[in-house]
Amino acid sequence: MKVFIEEIQDYDFQRIYSFLKESTESIDLWEKLKTKKTILIKPNLLGPYKPEKAITTHPIVLEALICLLKEKGKKIWIGDSPGGSIKVNRVWEETGIIKIVEKHKIKLLNFSEGGIVTRTSPNHTFTTSKYFWEADAVINVGKYKTHSLTYYTGAIKNIYGIIPGLRKSDYHRDNADNTKFSTVISELYNTAKENIVFNILDGIWGMEGDGPSAGIPRNFGILFAGESASAIDKIASKMMGFNLNQLPYVKSSLQNEHISFKDIEFPEKWNNFVFKNVKLKKISLFIKIFTKSPKFFRKIFKNLFEYFPDFNDKCTLCNICVDSCPVKAISLEKKNNKLKIDYLKCIKCMCCHELCPHHAVYIRKSFLAKFIIK
Ligand code: SF4
Ligand code: SF4
Numbered sequence: 003m004k005v006f007i008e009e010i011q012d013y014d015f016q017r018i019y020s021f022l023k024e025s026t027e028s029i030d031l032w033e034k035l036k037t038k039k040t041i042l043i044k045p046n047l048l049g050p051y052k053p054e055k056a057i058t059t060h061p062i063v064l065e066a067l068i069c070l071l072k073e074k075g076k077k078i079w080i081g082d083s084p085g086g087s088i089k090v091n092r093v094w095e096e097t098g099i100i101k102i103v104e105k106h107k108i109k110l111l112n113f114s115e116g117g118i119v120t121r122t123s124p125n126h127t128f129t130t131s132k133y134f135w136e137a138d139a140v141i142n143v144g145k146y147k148t149h150s151l152t153y154y155t156g157a158i159k160n161i162y163g164i165i166p167g168l169r170k171s172d173y174h175r176d177n178a179d180n181t182k183f184s185t186v187i188s189e190l191y192n193t194a195k196e197n198i199v200f201n202i203l204d205g206i207w208g209m210e211g212d213g214p215s216a217g218i219p220r221n222f223g224i225l226f227a228g229e230s231a232s233a234i235d236k237i238a239s240k241m242m243g244f245n246l247n248q249l250p251y252v253k254s255s256l257q258n259e260h261i262s263f264k265d266i267e268f269p270e271k272w273n274n275f276v277f278k279n280v281k282l283k284k285i286s287l288f289i290k291i292f293t294k295s296p297k298f299f300r301k302i303f304k305n306l307f308e309y310f311p312d313f314n315d316k317c318t319l320c321n322i323c324v325d326s327c328p329v330k331a332i333s334l335e336k337k338n339n340k341l342k343i344d345y346l347k348c349i350k351c352m353c354c355h356e357l358c359p360h361h362a363v364y365i366r367k368s369f370l371a372k373f374i375i376k
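Sequential numbering from 3 applies to the sequence shown in the working numbering.
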């Protein structure tokens, strides 16, 4: 299984285009797709963020892919379902996607509309966008970032966007800890991969720290591509300093695809390469401990080594987090017109932290947790 890797320091259209052309041609992708007319591009359009924030797939990467698909005579769709109750038109606008879609006259699809298809896997039943299955094939284009809940997000986790809008919250509510949530991600990817023919991971600018949306943009200067999202994530996460035991959803996705590290072919020079001092958020262990603890335990010890989502004064009361919280733990306190969280209900899914477009949700750490959670 090949993973293509290219060092590209900035969003240089020509270099990105050449990399995509060479990598797709070297695996005969266009021959395999000769009977497939409609290709759906699935980018990461998490929320209404400008490309320079490095939260969403950069429009130049998408444009290079669109140009390549046009040359091959394909009909192109592009679509996603941003998280929570975010207004999709704002997402199309801020991420720069709308300009590209208009320029190239291609169809832009909101996965929260247009119908659903239900698919089952060993442990889950997935409600997915009908568009994803109506396309003849899908090209998945993720973003290279750290993640407060799952440590890392790249190609595999990008597929979570095929679950329409607020329905994503149900999976968070029913699978609160990282281990359970990881089975959701790996089983969803395993189900969806029958329609995914190629994957690209945009790490030219990625994110470290409080990813996937409140972290710090970092110029990793790298682009990945290949037929397997799990092979890409294995190599890309290793380069951030992770091992597979920290990333159960990557580990099980590799197992489902029967790929071991020795089966992955990638350029020799990256074999032992790790980016220096990537800032990581190691809160998953705490999620595991505290969501499994009885309520009385949480109550007694939370002031000692607990962490919480909390609000800062950037909050505009837009209500996105209120509507998106899977357990309805957030409400408006009328007396001071501020949001409050019921911490006994909160399952620490960090959806509020991930989805707030104003970075108004931060992770408040108790005294002990400050020493343990870096
Ligand atoms: S914290 Fe405030 S600004 Fe952020 S999503 Fe919630 S209501 Fe909106
Ligand atoms: S308050 Fe935030 S972290 Fe807690 S359950 Fe709701 S969305 Fe998840």
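Glycine is no exception: its CB is placed at the ideal position from the N, C-alpha and C atoms. Note that the structure is predicted; figures quoted are calculated from it, not measured.
Around the Cβ of residue i, are there at least 16 other Cβ atoms within 10 angstroms (buried) or fewer (exposed)?
{"i": "residue 65", "result": "buried"}
{"i": "residue 147", "result": "buried"}
{"i": "residue 93", "result": "buried"}
{"i": "residue 109", "result": "exposed"}
{"i": "residue 44", "result": "buried"}
{"i": "residue 112", "result": "buried"}
{"i": "residue 239", "result": "buried"}
{"i": "residue 263", "result": "exposed"}
{"i": "residue 81", "result": "buried"}
{"i": "residue 28", "result": "exposed"}
{"i": "residue 170", "result": "buried"}
{"i": "residue 319", "result": "exposed"}
{"i": "residue 46", "result": "buried"}
{"i": "residue 218", "result": "exposed"}
{"i": "residue 54", "result": "exposed"}
{"i": "residue 195", "result": "buried"}
{"i": "residue 98", "result": "buried"}
{"i": "residue 339", "result": "exposed"}
{"i": "residue 75", "result": "exposed"}
{"i": "residue 274", "result": "exposed"}
{"i": "residue 37", "result": "exposed"}
{"i": "residue 350", "result": "buried"}
{"i": "residue 142", "result": "buried"}
{"i": "residue 30", "result": "exposed"}
Between which two residues does the beta strand (DSSP E) containing residue i stretch?
{"i": "residue 333", "result": "332 to 335"}
{"i": "residue 183", "result": "No beta strand (DSSP E) contains residue 183, which is instead part of the alpha helix (DSSP H) from 180 to 194."}
{"i": "residue 143", "result": "139 to 149"}
{"i": "residue 310", "result": "309 to 313"}
{"i": "residue 204", "result": "198 to 210"}
{"i": "residue 119", "result": "118 to 122"}
{"i": "residue 79", "result": "77 to 82"}
{"i": "residue 226", "result": "224 to 228"}
Going along the chain, which residues of its own chain have a beta-carbon closer than 8 Å to the beta-carbon of residue i, five neighbours each way excluded?
{"i": "residue 243", "result": "276, 277, 280, 282"}
{"i": "residue 101", "result": "61"}
{"i": "residue 335", "result": "341, 342"}
{"i": "residue 132", "result": "116, 117, 118, 119"}
Which same chain residues end up closer than 7 Å to residue i when comparing Cβ atoms and leaving out the 5 residues on each side of it in sequence?
{"i": "residue 233", "result": "3, 5, 261, 266"}
{"i": "residue 223", "result": "9, 10, 11, 206"}
{"i": "residue 361", "result": "216, 316"}
{"i": "residue 287", "result": "In this predicted model, residue 287 has a pLDDT of only 49, less than 50, meaning its place in the structure is not dependable; the value taken from the coordinates is given anyway. Excluding sequence neighbours, residue 287 sits near nothing in its chain."}
{"i": "residue 69", "result": "19"}
{"i": "residue 214", "result": "48, 57, 147, 149, 155, 356"}
{"i": "residue 189", "result": "123, 124, 125, 126"}
{"i": "residue 344", "result": "331"}
Which residues in the same chain as residue i place their Cβ atom closer than 6 Å to its Cβ, once the five residues preceding and following it in sequence are excluded?
{"i": "residue 221", "result": "207"}
{"i": "residue 50", "result": "92, 93, 96, 359"}
{"i": "residue 191", "result": "158, 161, 255"}
{"i": "residue 184", "result": "250, 251"}
{"i": "residue 77", "result": "39, 40"}
{"i": "residue 103", "result": "110"}
{"i": "residue 187", "result": "159, 251"}
{"i": "residue 204", "result": "59, 60, 63, 145"}
{"i": "residue 14", "result": "none"}
{"i": "residue 235", "result": "156, 157, 158, 252"}
Starting from residue i, trace the alpha helix (DSSP H) in both directions and tell me its first and last residue.
{"i": "residue 242", "result": "231 to 242"}
{"i": "residue 26", "result": "15 to 28"}
{"i": "residue 250", "result": "250 to 258"}
{"i": "residue 177", "result": "Taken as a continuous stretch (DSSP letters only), residue 177 belongs to no alpha helix (DSSP H), as it is neither H nor E."}
{"i": "residue 325", "result": "322 to 326"}
{"i": "residue 73", "result": "61 to 73"}
{"i": "residue 5", "result": "Careful: residue 5 lies outside any alpha helix (DSSP H), inside the beta strand (DSSP E) at 5 to 9."}
{"i": "residue 280", "result": "Run containing residue 280: none; DSSP gives neither H nor E here."}
Do the region 179 to 198 and the region 320 to 338 meet, that is, are 3 or more Cβ pairs less than 8 Å apart? no
Give a yes or no on contact between the region 147 to 160 and the region 119 to 134, applying the rule of three or more CB pairs nearer than 8 Å. no
Give a yes or no on contact between the region 120 to 140 and the region 347 to 364, applying the rule of three or more CB pairs nearer than 8 Å. no
Contact between the region 21 to 29 and the region 237 to 252: three or more CB pairs below 8 Å? no
Please confirm if the region 248 to 257 is in contact with the region 155 to 164, defined as three or more CB-CB distances below 8 Å between the two stretches. yes
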